[in-house]
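Undergrad: Following this note's numbering, the residues of the sequence shown are numbered contiguously, the last one being 524. Cβ atoms here follow ideal geometry from the backbone N, Cα and C, with glycine treated the same way.
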Amino acid sequence: MEKISYTGAGISNEFKKDTSKFNMPIPMMGSSIFDQVILQVKMQIKDWFMNKYQITNPILLLFLTYVIIYPEKTYYDIRSLMTNIYLFLKYISMILVSLVLRKPTPKKNTFNIPYIVENKINHLYFAFDWYIKSKSKKVYEKDYHIVSIENPIEANKDECHYDLMKSQPNQTISEFEFNGKVINYKKSNEKVEVYTPSGPQNKTNYILTLWSYELSNNDFDSFSQLVANEYAKSKIDSVWEQKMFTNCQGEWASESLKRNKRRAKTVVLDDDLNLKLLEDIEHFNNSEDWYLERGIPYKKSYLFYGPPGTGKTSLIKALSYEIQRHIHFLSLSTVKNDEELNKLISDVNFKETIIVLEDIDCMSQAVWDRDLLDKQNTEKAEKTDKKKNKDKEFEEDEDEKNKVTLSAILNAIDGIRNNHGMILVMTTNHPERLDEALIRDGRVDERLLFNYCTNEQIYKIFKNFYNGELELTLQDFQKLELDQRKLAPCNVEVALKKYYKDQHQAYEFLVNYNPTEHKKEFHF
1 MEKISYTGAG ISNEFKKDTS KFNMPIPMMG SSIFDQVILQ VKMQIKDWFM NKYQITNPIL
61 LLFLTYVIIY PEKTYYDIRS LMTNIYLFLK YISMILVSLV LRKPTPKKNT FNIPYIVENK
121 INHLYFAFDW YIKSKSKKVY EKDYHIVSIE NPIEANKDEC HYDLMKSQPN QTISEFEFNG
181 KVINYKKSNE KVEVYTPSGP QNKTNYILTL WSYELSNNDF DSFSQLVANE YAKSKIDSVW
241 EQKMFTNCQG EWASESLKRN KRRAKTVVLD DDLNLKLLED IEHFNNSEDW YLERGIPYKK
301 SYLFYGPPGT GKTSLIKALS YEIQRHIHFL SLSTVKNDEE LNKLISDVNF KETIIVLEDI
361 DCMSQAVWDR DLLDKQNTEK AEKTDKKKNK DKEFEEDEDE KNKVTLSAIL NAIDGIRNNH
421 GMILVMTTNH PERLDEALIR DGRVDERLLF NYCTNEQIYK IFKNFYNGEL ELTLQDFQKL
481 ELDQRKLAPC NVEVALKKYY KDQHQAYEFL VNYNPTEHKK EFHF
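(1) Enumerate, from N- to C-terminal direction, the unbroken beta strand (DSSP E) stretches of 3 or more residues contained entirely within the segment 397-479.
(2) Three or more beta-carbon pairs under 8 Å between the segment 283-293 and the segment 266-273, yes or no?
(3) Tell me which residues share the same chain as Pro200 and place their Cβ nearer than 6 Å to its Cβ, disregarding the 5 neighbours each side in the sequence.
(4) Using three-state DSSP, classify Ile296 as helix, strand or coil.
(5) Give a yes or no on whether the C-beta atoms belonging to Tyr321 and Asn260 are separated by under 9 Å.
(6) Among the residues of its own chain, which have a CB less than 6 Å from the CB of Asn402, if the five just before and after it don't count?
(7) Assign Ala564 to one of three DSSP states: helix, strand, or coil.
(8) Nearest-angstrom Cα distance between Leu482 and Asn455?
(9) Hey, Phe462 and Gln503 are a contact pair by Cβ (cut 8 Å); roughly how many whole angstroms apart?
(10) Which of the three DSSP states is assigned to Leu210 in this structure?
(11) For Lys203, I'd like the list of residues in its chain whose CB is within less than 7 Å of its CB, leaving aside the five on either flank, ordered along the chain.
(12) Check this for me: beta carbons of Ser234 and Asn109, under 9 Å apart or not?
(13) When you compare each of Asn229, Lys181 and Leu510 to Arg485 by their alpha carbons, which one comes out closest?
(14) Tell me the DSSP secondary structure of Pro515 in three-state form.
(15) For Lys258, which of Phe245, Asn274 and Trp240 has the nearest alpha-carbon?
(16) Can the beta-carbon of Ser148 be found less than 9 Å from the beta-carbon of Ile95?
(17) Is the number of C-beta pairs between the segment 466-476 and the segment 322-336 that are closer than 8 Å three or more?
(18) Determine the contact status of Leu319 and Ile354, defining contact as a CB-CB distance below 9 Å.
(19) Looking at Ile236 and Ala127, is the spacing between their C-beta atoms short of 9 Å?
(20) Roughly how many angstroms separate the alpha carbons of Ala228 and Thr310, rounded to a whole number?
(21) According to DSSP, what are the bridge partners of Val192?
(22) For Phe465, which residues from the same chain have a beta carbon less than 7 Å from its beta carbon, with the 5 sequence-adjacent residues on both sides left out?
(23) If distances are taken between C-alpha atoms only, which option among Ile68, Asp35 and Val425 comes closest to Lys46?
(24) Can you say whether Leu89 is buried or exposed, counting buried as having 16 or more other CB atoms within 10 angstroms of its CB?
(25) Expressed to the nearest angstrom, what Euclidean distance is found between the alpha-carbon atoms of Met244 and Leu434?
(26) Residues bridged to Met244 by DSSP?
(27) Under the DSSP definition of a beta bridge, which residues are partnered with Glu177?
(28) From the DSSP output, in three-state form, read off Val356 for me.
(29) Report yes if the C-beta distance between Phe450 and Tyr305 is below 9 Å; otherwise report no.
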């Protein structure tokens, strides 16, 4: 076949025979000829653009040739280029926005709490070490502050102010949160020289380093006070032992009640009186600020009245254990005079105890209703043989005049004396005997009746005693004829102790039990 060559002259000249210039054989395949035709058309188009727009720049000519010869590849290249330009511009804009809107770098506050500070034990170290033991995660870092408390942190329920000693001196492995703010900490140790009476000694000083990017210096001071106070309260919880104090010869004698673990819920009373009273007394115990803000004296007083054996004393002991207050049983019958009473009261720390005047009507006639006392004195004067008088409860002792007066009693429990934090409980089987001045509103906040058992109350006592595994039903206890005989909780307790293995026998015992007939007769 003949060879052809492209001359670039025009359409009429595009297929000129020129065998002298080209030695390349023309491909035999039809597709190769078609490709060459397409290529020549593209070159003509390029020449047309070049001539029309007078393009002489070689770079521009090269670009124009590339676009015309490879239009599809050019499209994808341009598309890829535009995408890259867009992503680049977006990245630059994000950097600019972050630079403009980014938050300033938070300040790192570091606090050091060493075990030994200036030759003294730092008791704040113990408090923080105790606090963070139950509040840790894992995590790593350096800066400084030495914080310490010089005086020992004593067991104390009240919020106290502890003087923080701070001076200048970082690394982390753990963290915990306080009010939503992260605090990092690390324990380390170092050798220090401690001066003792026998000369300098090398000791290991343990250091607790804390820091936070969120906690300010003032926040840390408040946090340190909170840790110290919680540590003080924890010491009370771990070592508190219930004690009972009784007055003897003008002094308080104490004995341990550590075996008493009775809870208020086990002193089952009608209408859940035990639980309601516990809620009320706990509110008082935790609401000192509430009282102070309203100008109300921070004291609480109760009168427990009702028949013997109905749970008055048992509930007092249970409440004492629940709120961790001791008990001061004040016996007026052994108090010589007003001065001794004032001394006894002044020796009491009201915020740590419950003052109890048990069976107050039997302790002293000073608390009796004055009209009743006058009536009894008149009857005494009319009797011919006073020594044979069977009503011994109403006889006035010869030395009664030398004992405490009602005025002194009233002043002791509700007078000008500072009784801040006092919880007072008076108990009596005969409230009608008490002078109105002693039990009036304001002097007594609550008058609570401890009555004989109801059917439901006995059912709950049984259920509590047998740990909830009760085969008897409430309907069984409804059959007890309590309208015909009166059963006190102490009577129910007798049945339960007697038949602690068999609830049915205990129940039958109560069915046939009559307290009035159950009196022992002694024969000699």
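TA: Let me spell this out:
(1) 422-428 and 446-449
(2) no
(3) Glu193
(4) coil
(5) yes
(6) Legend: pLDDT at Asn402 = 49, less than 50; position of this residue unreliable, no value from coordinates given.
(7) The structure shown does not extend to residue 564, since the chain is modelled only from 1 to 524, so the question has no answer here.
(8) 7 Å
(9) 6 Å
(10) strand
(11) Ile116, Val192 and Val194
(12) no
(13) Leu510
(14) coil
(15) Trp240
(16) no
(17) no
(18) yes
(19) no
(20) 43 Å
(21) Lys203
(22) Leu496
(23) Ile68
(24) exposed
(25) 26 Å
(26) Glu255 and Ile327
(27) Val182
(28) strand
(29) yes
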